[in-house]
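Under the working numbering, read the sequence shown as residues 418 to 494, first letter to last. We put the beta carbon where it would ideally sit given N, CA and C, even for glycine.
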Amino acid sequence: MKELGPVLVFSGLMLIGLGLFEKILMYITPAGNSNFNGIEGVTYRYIWSLSNVTLFIGGTVLLLAFLMYLFINEKKQ
């Protein structure tokens, strides 16, 4: 269980980084060069909120890793 901590921290940071990267790409895309009306018609609505879901899951994984760290340290004392 102790080896799972660094894996969870790394996974959480990677998910948060990916979510932030998606947000940055959305904001720096020039609005005049893209036509999302055709794309939105053929994709599911929830696909546009994936960056929010990625950030939420990354934060949850980091919180879980922190709680596991506290639990393991409390158990040792």
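Could you tell me whether the Cβ atoms of residue i and residue j are closer together than 8 Å?
| i | j | result |
| --- | --- | --- |
| Leu479 | Gly436 | no |
| Leu425 | Leu487 | no |
Less than 8 Å between the CB atoms is what I'm expecting for residue i and residue j, so what's the real figure, rounded?
| i | j | result |
| --- | --- | --- |
| Gly475 | Ile433 | 4 Å |
Please name the residue, chosen from the options, that lies closest to residue i on a Cα-to-Cα basis.
| i | options | result |
| --- | --- | --- |
| Glu439 | Tyr486, Asn469, Leu425, Arg462 | Asn469 |
| Ser466 | Leu484, Met443, Phe488 | Met443 |
| Met431 | Leu484, Thr477, Asn490, Ile489 | Thr477 |
Secondary structure, alpha helix (DSSP H): runs of 4+ residues fully inside the stretch 458–493: 467–493
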